[in-house]
Every structure is written in C-alpha cells, then in structure tokens.
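Structure first, then comments.
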Amino acid sequence: MDPDTPVLDIAAARPQVSADEARAREVDLRLMAGELALVDARHSAGPTWVADLCCGLLPLAAGSASFLGRDWSTVPQHYADALRGRIGRIFFAGSWVGFMDVATNILLPQLHHTRDDPSNLRERAIALSCAFGLPGLPLVRPGELAAGDLARAACVRAFLGEPMLVLLESPVQGRFNTLLPPLLNALAAARDRGAAAVWFTFSDLVWRDPSVPATMRLRLSERGLVPTTRAA
C-alpha cells in the first residue's frame, strides 16, 4: 500500500437516518498506518454504529468512507467482503455464533478470506490464544466459556490474520489488569507492521492510562466524533 494512502479515511460522513431519529451524526476520522484513535464512548449510546461505518456497512446520506484507498460505496460487493477480511474487530455485543465452538468462531472468518494452509492459521490462533492468557483455542461453545476467557477469545479473533485495521469496541470490559498488557502488546505489533486502530472505551481507567499510546483522542456524542484531550 502507498504510505501516503490513509488506512481509514472518513470525511463528513453522515449515515442515513430514519424519520424518528433526533439528528444526523457526522464522522470525520482519518488514520494513517500505525495510528491509534482512542474514543471516549462513556456518554454515548454505544460505538457499534461508528465501527459499522468504518467497515462500510452503513449507507451514507452524505460524505464518504474509504478503507485502504477504496471507497466503500463504489467497490463491488465481493471486493467489499474481501476488504472486510482485512479488518479485525472486537464487537461490543460479542457477535458469537452460539451453536459453534469458540475455536470455529475464531478461525472461520479467516478461513473464508485466506488461501493459507488451515493448519498454519490454527497454529497462529493457538499462539495468539496463549499470548492473551488462554491455554489454547477454546473448544466449547461461547455460552459455556467464562466471561473473562470469552473476552480473551474476542481479542484473538480480532488480531488473527494480521488485519490492517483493528476496531476495538470496549475490549477490556472491566478486566483492566489482566487484559490490558497483552492487548497493548498485540496493538504494538499490529501498528509496527502498518495497521491502524480505533479503540472505543467506556472505562475512565483506560482513557486516563498513559500506557495507552493513542495518537489522537476523540469523544463519541450524539453529534458524532468530537476531538478532545485526556483531561476532557
């Protein structure tokens, strides 16, 4: 990828809204390789709509949204699906397929988008699982796994496949001391190879922690994304 091309470029983007929504929300967010945007979502209804916008999943009433130089509104569906294979995401609502075991939930998105040997992918998933404090790939269904281990598995799924964009919707989930160190390590490795990241947090601890290497800080409000500072 051209180093001058943003990983993510959202310009004055306003999602289409229904008649009963109070107001249109606008997003401006431009991330180059290696950048990390930390978003304070404590006073919002949730970050999922912004993450969906980054993935090209929301139709726009105005503005534009591009990933790796490709405008989501103009690329063919099959190409958009392939591009989404280069985005890692921790979903605020979990987004696990309940009838599949967690290992399959982790591996399946990458198996759909890669030509790599499945055994190699599995080995990398096991290594990531261990890095996040799991004994290996969980072979039970999501509902059978402890909440803390499921949060770790969500991190594994997000970073598997060396994504170029990582979207983290409240990844720590109250497990600040145990999840933050491996998460920061995974983020550092991803950014070193040119990925960008957006981290949405509901945690004051995360927002104020100096070890979180944010290159920009924003607040999510009813108006959209607003630039701010750590003290704000």
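If you use the working numbering, the sequence shown corresponds to residues 47 to 278, in order. Every residue gets a Cβ at the ideal spot worked out from N, C-alpha and C, and that includes glycine. Keep in mind it's a predicted model, so treat the numbers as computed, not measured.
Give the secondary structure of residue i by DSSP, where H, G and I count as helix, E and B as strand, and everything else as coil.
i: residue 68; result: Interpretation of residue 68 is limited by its pLDDT of 45, a score under 50 that renders its predicted location unreliable; the figure taken from the coordinates is listed afterwards. If DSSP states are grouped into helix, strand and coil, residue 68 belongs with coil.
i: residue 272; result: strand
i: residue 215; result: strand
i: residue 205; result: helix
i: residue 228; result: helix
i: residue 222; result: helix
i: residue 252; result: helix
i: residue 165; result: helix
i: residue 94; result: helix
i: residue 115; result: coil
i: residue 49; result: coil
i: residue 188; result: helix
i: residue 110; result: strand
i: residue 175; result: helix
i: residue 55; result: strand
i: residue 63; result: coil
i: residue 237; result: helix
i: residue 193; result: helix
i: residue 200; result: helix
i: residue 243; result: strand
i: residue 147; result: coil
i: residue 159; result: helix
i: residue 101; result: coil
i: residue 170; result: helix
i: residue 128; result: helix
Can you tell me the Cβ-Cβ gap for residue i and residue j, rounded? I've got them flagged as a contact below 8 Å.
i: residue 200; j: residue 136; result: 5 Å
i: residue 129; j: residue 113; result: 6 Å
i: residue 213; j: residue 244; result: 5 Å
i: residue 167; j: residue 157; result: 7 Å
i: residue 210; j: residue 232; result: With a Cβ gap of about 14 Å, residue 210 and residue 232 do not count as contacting.
i: residue 271; j: residue 74; result: 7 Å
i: residue 56; j: residue 97; result: About 11 Å; that fails the 8 Å criterion.
i: residue 109; j: residue 60; result: 6 Å
i: residue 170; j: residue 229; result: Contact doesn't hold; Cβ gap of about 17 Å is too wide.
i: residue 149; j: residue 183; result: 4 Å
Going along the chain, which residues of its own chain have a beta-carbon closer than 6 Å to the beta-carbon of residue i, five neighbours each way excluded?
i: residue 187; result: 147
i: residue 95; result: none
i: residue 173; result: none
i: residue 159; result: 131
i: residue 85; result: 246, 264, 266
i: residue 203; result: 152
i: residue 227; result: none
i: residue 219; result: 197
Below 7 Å CB to CB, which residues in the same chain sit around residue i once its five sequence neighbours on both sides are set aside?
i: residue 248; result: 87, 88, 216
i: residue 90; result: 266, 267
i: residue 312; result: As shown, the chain starts at 47 and ends at 278. That puts residue 312 outside it, with no answer to give.
In the DSSP assignment, what residue or residues form a beta bridge with residue i?
i: residue 152; result: DSSP output for residue 152 lists no bridge partner at all.
i: residue 262; result: 83
i: residue 133; result: 211
i: residue 76; result: 55
i: residue 267; result: 270
Quick check: does the Cβ of residue i come within less than 7 Å of any heavy atom belonging to the ligand GDP?
i: residue 194; result: Within the structure as shown, the ligand GDP is missing, as the structure has no ligands at all.
Among the residues of its own chain, which have a CB less than 8 Å from the CB of residue i, if the five just before and after it don't count?
i: residue 51; result: 114, 115
i: residue 221; result: 194, 197
i: residue 250; result: 88
Does the segment 73-85 come close enough to the segment 259-269 to have 3 or more Cβ pairs within less than 8 Å? yes
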